Each structure stands twice: as structure tokens, then as C-alpha cells.
Amino acid sequence: MCVNCGLSWRDVLLLDNAKQMGRKILISGGGRCNFTNQNIETNAFLCGNRHFCKSALARFSQWDFIAMVERHGIEYHEKTLGQLFCNESAKEIVDMLKTECEWAGVNIQLRTEIVSITANDAGYLLQTSAGDYQCQSLVIATGGLSMPKLGATPFGYKVAEQFGLAVKPTSAALVPFTLHQADKDKFEQLAGIALPVIATAESGQSFKEAMLFTHRGLSGPAVLQISSYWRAGQKVSFNLLPETDFIAWLTATTAESPKLSFKNALSRILPKRLVEVLIEHGELPEKNLNQLGKGEISQIEQYLTYWQIAPNGTEGYRTAEVTLGGVDTDELSSKTMEAKKQPGLYFVGEVMDVSGWLGGYNFQWAWSSGYAAGEVA
Ligand SMILES: Cc1cc2nc3c(=O)[nH]c(=O)nc-3n(C[C@H](O)[C@H](O)[C@H](O)COP(=O)(O)OP(=O)(O)OC[C@H]3O[C@@H](n4cnc5c(N)ncnc54)[C@H](O)[C@@H]3O)c2cc1C
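Numbering (my numbering), first residue to last: 520 to 896.
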């Protein structure tokens, strides 16, 4: 949403095919909207050009958005890792944006699907389900493909292609993994069990957060984060003991209780059901601590700190929080988001080839890029 546009001399009309404003905001963060992150930095954004986001993020930063939230009297808290959530409800953020639109004289028209766009001498002609509209500047903020049931469409990509702008291939990101049948059979009984891990992709990118076993595969923040860096056919490795020096812990536990079974000992630092499944499948030994040899101990350490899974795929756009890829940022000005070869046409938010980490980064990109376009559009 381009509230900032209204502060210029132009008349601004916001068209959206949805019945309700800001539906993704309303359902985000479990209904409390993780609206930004205190630790916004460009490393947290996946984009073909890693410098592209710098300018917009600096000109309307997380601190600018937080200041707006505070001006509207919305109470918020940090949940973890700099992630800011409303104390009460995500609706407060939508109400704040509506108020800002009102103050800036932005007209909002919902239930209006934009069907086609034509460039003409006066700018752009929009054919919509509610009639035709002519505008001088056009800001496309149609989002990505995630959650089609919320009205996501590929419309923005088609507009870009229509005007000869490159669009990077899209895929679901911040999304749970599905498993191959053998792994699914092994692990589905663990559905609901969560544990802290460090998840690492083949690219070397890693995240230290929680992992959750589900009926379909793996989820939880660590998995959602690493899914953005995973490509089909690749493996993901998990350190299942991110807080423990395994060898030091095993040496101390063996000295204290040499006849304790390895299963019972390990269940003190990992979920018991997970330990049982790994032992049932012969991936860990069923022995007492004093029966473990040196070589075996080092193999166990390697297994637990480098637990590898080759996902079968992801749950796709149905449950993905964002879409990787989109309008190639090389086609756009990083200062204004205007298409370099199509004056007056702007792209902001998730429709562009910019995807943030989990934790408020994607909304901040929508706010920052929207502001950049709004200053000039
Ligand atoms: C379940 C879920 C939870 C999320 N939680 C968070 C979170 O807590 N923090 C965070 O930072 N990010 C979160 N995200 C990601 C975040 O919601 C998006 O990155 C952000 O909403 C992108 O904003 P946008 O304005 O680019 O697109 P969107 O918010 O997707 O808005 C696009 C709008 O365009 C409309 N539209 C599409 N095509 C047309 C057309 N042809 N005509 C008219 N209108 C059209 C759609 O109806 C929609 O209203 C979450 C996403 C999901 C799915």
C-alpha cells in the first residue's frame, strides 16, 4: 500500500480485488502481525542484486515504521530476535494504515480486479471489474503467489512481462518441507515435537531456531528460514544439539552413571520419542554408556550435529509465507522502484525479486519500497 503517494500533489486511488483491506496483515503473526524487525539489514533479504534494498530500507527504516506505530498509540513487544508484534491485534496495523490513507487523501476501492493495463500518452489506462481508470503513475503492489486463497495472483508478473521487464523464476519460500516416503513413515509419529536446531543449507546459510516435526514433514522457524535457501535435490543438515558440547556432556554423564543406557542419557537432552525412533531405526546404538567405543562416540557426535535430510519438496504456495523471485530488480530504480524502461510504472513489495527472512522483514520491505515509490510516483 502506497500511503506516501497521497502526501504528494497527486490524487491517489488504491484498487484491490480483495473484500477486506490488508488480509495478509490481519492473519500474520498469529493475528498479532510481526510488523517489522529491530535488526533489519540487507543480508536478511534474498535478491538478485544484494545492494538493491539498501537505499529504500535506509530512507524508510524499521525505526520510521515503529515511530508511526507509536504515534498511533499501538502497543507492541519484541517476541524474539528483534521481531516486533502488536500486543493486541493485527487489526491495529490495518486501522493505522487506513487512517494514514485518510489523512493523505488516498481513496480506497476494494472488490475491484484490475484486468488489463495499457500505456497511452497520458500514462496508463486500467480496465477493471469496476470500469476504466486513467492514471499518470501506476504503482503495482500485487504481491507474490503465496496463499492463493487470500487473492494472490500472478498479475504483477504479467504486467512486468507485458512491458518487456524480466521476471525471475518464482518459487514458494518460508514454507514447510515435505519428506520422501521412507522418512515420512519414520518421522510422522513425531508430529508436534519441537526442538532447537541449527539448520544449514548446502549454500552454507544457517539459522539457529526451532524445528517442528509435522504429519507431512518438517516445519518450525528454522525450517521455514532455510527453505528460502534450499533448491530441489539438495540436502539440509541440522545440528540437533546446538547448545551442547556433546563429547564433554557424554564424558561427564558416563563418569557419573556408566551403566545408564545411551537412550535414557540422550533423552535428557533431546526429545525422548525422537531418540527412540532413531534407535529403533538403527541410526543410534542401543547400548549402555560404558559400552560405547571412541570411534562410535565420534560417529554419534557427527550424526547428531550433522543430521541430514533430503526434502522431497515443500508444501508449495498453499502454505508459503512468501514467493522467491519476481520482477527483476535490475529493471527497477533502487531509489524510486520505477521501471527503468517504462516511465511512470512502479513495482513495490513482494511482487519484486526481494524476499526477506521470517520475522517482520517482508512487511518492512513492503513499507520501505512503498515509501520510496510514494515519494515520487
Ligand atoms: C500467512 C502469512 C503470514 C505472514 N506473516 C508475516 C509476518 O508476520 N511478518 C512479515 O513481515 N511478513 C509476513 N508475511 C509476508 C507478508 O504478508 C507479505 O510479504 C506482504 O504482505 C507483501 O505485501 P504486498 O503489498 O507486496 O502484497 P500483498 O500483501 O500480498 O497484497 C497484494 C494485494 O494485491 C491484490 N491483487 C492481486 N492481484 C490483483 C489484481 N489483478 N487486481 C486487484 N488487486 C489485486 C491482492 O488481493 C492483495 O490484496 C506473511 C505471509 C503470509 C501468507
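Glycine included, each C-beta is placed from N, C-alpha and C at the ideal position.
Just so we're clear, the structure is a prediction, and the values are computed from it rather than from any experiment.
Asked	Found
Distance cut-off 7 Å: Met666 Cβ against heavy atoms of ligand 1	yes
Reduced DSSP category for Ile728 - H, G, I as helix; E, B as strand; rest coil	The question names Ile, but residue 728 is Glu in the sequence shown. Here Glu728 sits in strand by DSSP.
The stretch 771-784 / the stretch 727-738 touching (three or more Cβ pairs under 8 Å)	no
Simplified DSSP assignment, three categories, for Pro695	coil
Residue ranges of each beta strand (DSSP E) within the stretch 783-838, 3 or longer	826-828
Residue span of the beta strand (DSSP E) that contains Cys605, given as start and end	602-605
Local Cβ density within 10 Å of Trp582, reported as buried at 16 or more and exposed below that	exposed
Pick from Ala641, Ser665, Ser648 that is closest to Cys654, judged by C-alpha positions	Ala641
Buried or exposed (CB count within 10 angstroms, at least 16 for buried), Lys543	buried
Cα-Cα separation, Leu877 to Gln708	27 Å
Segments assigned beta strand (DSSP E), at least 3 residues, entirely inside the stretch 748-781	755-758
At least three beta-carbon pairs within less than 8 Å, the stretch 529-548 to the stretch 624-633	yes
Distance CB(Ser746)-CB(Phe696) smaller than 8 Å	yes
Coil, strand or helix - Thr631 by DSSP	coil
Interface flag, Ala586 vs chain B, CB-CB below 8 Å	This model lacks chain B altogether, as it is built from one protein chain only.
Any 3 or more C-beta pairs closer than 8 Å across the stretch 868-877 and the stretch 657-668	yes
Whether Val755 touches Ala718 by CB criterion (8 Å)	yes
C-alpha gap between Lys538 and Arg551, whole angstroms	20 Å
Cα-Cα separation between Tyr652 and Ser635, rounded to whole angstroms	11 Å
Segment contact flag, the stretch 667-678 with the stretch 796-813, C-beta cutoff 8 Å, min 3 pairs	no
Residues bridged to Val531 [DSSP beta-bridge criterion]	Val625
Residues bridged to Ser874 [DSSP beta-bridge criterion]	Leu565
For Lys687, three-class secondary structure by DSSP	strand
Where Val613 sits in the DSSP three-state scheme	helix
Phe584: CB within 7 Å of a non-hydrogen atom of ligand 2	Absence of ligand 2 from the depicted structure is noted, with ligand 1 being the only ligands included.
Closer than 7 Å: Ala896 CB and nearest ligand 1 heavy atom	no
Cβ-heavy atom distance, Cys566 to ligand 1, below 7 Å	no
beta-carbon Ala891 near ligand 1 non-hydrogen atom, thresh 7 Å	no
Segment contact flag, the stretch 604-624 with the stretch 830-850, C-beta cutoff 8 Å, min 3 pairs	no
Status (buried if at least 16 other CB within 10 Å, exposed otherwise) for Gly893	buried
Top-ranked residue by Cα proximity to Gly832, from Leu693, Glu589, Tyr643	Leu693
For Gly548, three-class secondary structure by DSSP	helix
Leu576 - containing alpha helix (DSSP H), residue span	573-578
Alpha-carbon spacing of Ser853 relative to Phe564, whole angstroms	14 Å
Sheet register partners of Asp640 (DSSP bridge)	In DSSP, Asp640 forms no bridge with anything.
Local Cβ density within 10 Å of Phe682, reported as buried at 16 or more and exposed below that	exposed
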